[in-house]
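Peer 1: For reference, the structure I am asking about is given below.
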Amino acid sequence: TSYMREFTHPLIVQIYGSDDMSIKEFKDVISLFQNPDLKAAIEKLKIMAEKLGIEIDQVPVFLEDCGDVFLSFAYYRRCLEEIEPIIDNFLTSLEEIQSNYQLKTDKNLMHTCFTMHSTIKGLVMALNARFKHFDHYTKDMWDNLTAERFREVERMITNYHTTIGGALCSLSVKMNTWDQLFPSEKSVGPTRLAEFIMSDMKQGIEKIQEIEKAVSTLA
Numbered sequence: 128t129s130y131m132r133e134f135t136h137p138l139i140v141q142i143y144g145s146d147d148m149s150i151k152e153f154k155d156v157i158s159l160f161q162n163p164d165l166k167a168a169i170e171k172l173k174i175m176a177e178k179l180g181i182e183i184d185q186v187p188v189f190l191e192d193c194g195d196v197f198l199s200f201a202y203y204r205r206c207l208e209e210i211e212p213i214i215d216n217f218l219t220s221l222e223e224i225q226s227n228y229q230l231k232t233d234k235n236l237m238h239t240c241f242t243m244h245s246t247i248k249g250l251v252m253a254l255n256a257r258f259k260h261f262d263h264y265t266k267d268m269w270d271n272l273t274a275e276r277f278r279e280v281e282r283m284i285t286n287y288h289t290t291i292g293g294a295l296c297s298l299s300v301k302m303n304t305w306d307q308l309f310p311s312e313k314s315v316g317p318t319r320l321a322e323f324i325m326s327d328m329k330q331g332i333e334k335i336q337e338i339e340k341a342v343s344t345l346a
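Residue numbering for the sequence shown follows the working numbering, beginning at 128 and increasing consecutively.
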């Protein structure tokens with residue numbers, strides 16, 4: 128994927144000085160270690176190992192671990208991209224309910240719609256911000272490769288992984304349920320949408336609020 132290339136490109140530049148190589152997938156990077164004829168690459172790998180404070184035979188493990196993380200982040204990003212149109216539909220429906228002349232007199236409904244709108248919109252913004260932060264940190268790691276920098280990124284990855292995965296899981300469940308019943312904001316009237324929001328969609332919103340706060344405070 129294009130996200131995976133964001134990892135392989137700087138890695139290949141580190142090893143070869145350019146990306147003018149026949150390496151298109153992460154498995155091609157790992158296979159370099161099975162080719163003893165690439166002497167220049169081996170020398171650069173030694174330098175990389177020294178910068179990371181590890182033995183050269185540990186570099187493949189480091190690369191595989193990083194590759195796994197990038198693959199999972201690529202998956203997370205794809206998940207978010209896939210549900211963003213559904214989220215837009217849901218947020219639009221909330222706004223229409225809030226502006227409905229008859230429904231806006233229901234204070235409990237208005238509060239629920241406001242809370243869900245701000246929480247879900249905030250969560251999406253926080254997730255996108257974390258992805259950008261992750262990109263910045265990993266780019267900086269390759270630009271300034273040191274053992275300390277590597278461990279900073281490693282700690283950040285550990286913090287991000289579980290929290291972002293949990294956030295996307297919760298968000299996907301909610302949005303996919305909504306999409307199955309209401310594929311368009313014009314599928315049914317606002318009263319039916321409001322009923323479902325109060326009976327089903329608002330359940331667990333407190334947990335999503337906690338997740339949104341957790342994602343927002345990741346550093």
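Note that the Cβ used here is the ideal one computed from N, Cα and C, for glycine as well.
(1) Given a cut-off of 7 Å on the beta-carbon distance, is the pair A321 and L218 in contact?
(2) The alpha helix (DSSP H) with I182 in it runs from where to where?
(3) Could you give the distance in angstroms between the alpha-carbon of A294 and the alpha-carbon of N286?
(4) Whose C-alpha, out of F189, G180, I210, A253, is nearest the C-alpha of T304?
(5) Here's the rule: buried if 16 or more other CB atoms are within 10 angstroms of the residue's CB, otherwise exposed. What is F241?
(6) Unbroken alpha helix (DSSP H) runs of length 4 or more, entirely within the segment 167 to 249: which are they?
(7) Between L250 and E339, how many whole angstroms is the CB-CB distance? I'm expecting something under 8 Å.
(8) Within 10 Å of its beta-carbon, does A253 have 16 or more other beta-carbons around it, so buried, or fewer, so exposed?
(9) Quick check: what's the CA-CA separation for D306 versus R205?
(10) Select from E177, F323, F200 the residue whose C-alpha is nearest the C-alpha of R276.
(11) Mapping the DSSP letters down to three states, classify P163 as helix, strand or coil.
(12) Taking I213 as the reference, which of Y202, I247, H238, Q336 has the closest Cα?
(13) For L272, name the three-state secondary structure that DSSP assigns.
(14) Rounded to whole angstroms, what is the Cα-Cα separation between P163 and Q330?
(15) Using 10 angstroms around the beta-carbon of C193, count the other beta-carbons present and answer buried if the total reaches 16, otherwise exposed.
(16) Using CA coordinates, which residue listed in H288, N255, N216 is at the minimum distance from D195?
(17) Over what stretch of residues does the alpha helix (DSSP H) that includes P317 continue unbroken?
Peer 2: Once the coordinates are examined:
(1) Position 194 of the sequence shown holds residue 321. Position 91 of the sequence shown holds residue 218. Cβ atoms of A321 and L218: not closer than 7 Å.
(2) One-based indexing of the sequence shown puts residue 182 at position 55. In the sequence as presented, Ile is not what sits at residue 182; that position holds Glu. No alpha helix (DSSP H) contains E182, which DSSP labels as neither H nor E.
(3) The count along the sequence shown starts at 1 and reaches residue 294 at position 167. The count along the sequence shown starts at 1 and reaches residue 286 at position 159. Spanning the two alpha carbons is a distance of roughly 13 Å.
(4) Residue mapping note: residue 304 aligns to position 177 of the sequence shown, counting from 1. Cα-wise, what sits closest to T304 is I210.
(5) Position 114 of the sequence shown, counted from the first residue, corresponds to residue 241. So F241 counts as exposed.
(6) 186 to 226
(7) As a working note, residue 250 is residue 123 in the sequence shown. As a working note, residue 339 is residue 212 in the sequence shown. That pair is a contact at about 4 Å.
(8) On the sequence shown, residue 253 is found 126 positions in, with the first residue counted as 1. With 16 or more other Cβ atoms within 10 Å, it is buried.
(9) As a working note, residue 306 is residue 179 in the sequence shown. As a working note, residue 205 is residue 78 in the sequence shown. Going from the Cα of D306 to the Cα of R205 covers about 17 Å.
(10) On the sequence shown, position 149 is the one that residue 276 refers to. Considering only alpha carbons, the answer is E177.
(11) Within the sequence shown, residue 163 is the residue found at index 36, counting from 1. Legend: pLDDT at P163 = 49, less than 50; position of this residue unreliable, value from coordinates given subsequently. Reduced to three states, the DSSP call for P163 is coil.
(12) One-based indexing of the sequence shown puts residue 213 at position 86. Comparing Cα positions, the closest option is I247.
(13) Against the sequence shown, residue 272 aligns to sequence position 145. Three-state DSSP puts L272 in coil, outside helix and strand.
(14) In the sequence shown, residue 163 corresponds to position 36, counting from 1. In the sequence shown, residue 330 corresponds to position 203, counting from 1. Only weak support exists for where P163 lies, its pLDDT of 49 falling under 50; the coordinates are left without a value.
(15) Within the sequence shown, residue 193 is the residue found at index 66, counting from 1. With 16 or more Cβ atoms within 10 Å of its Cβ, C193 is classed as buried.
(16) Residue 195 sits at position 68 when you count from the first residue of the sequence shown. Ranking the options by Cα distance to D195, first place goes to H288.
(17) Reading the sequence shown from its first residue, position 190 is the one you call residue 317. Counting along the chain, the alpha helix (DSSP H) containing P317 begins and ends at 317 to 323.
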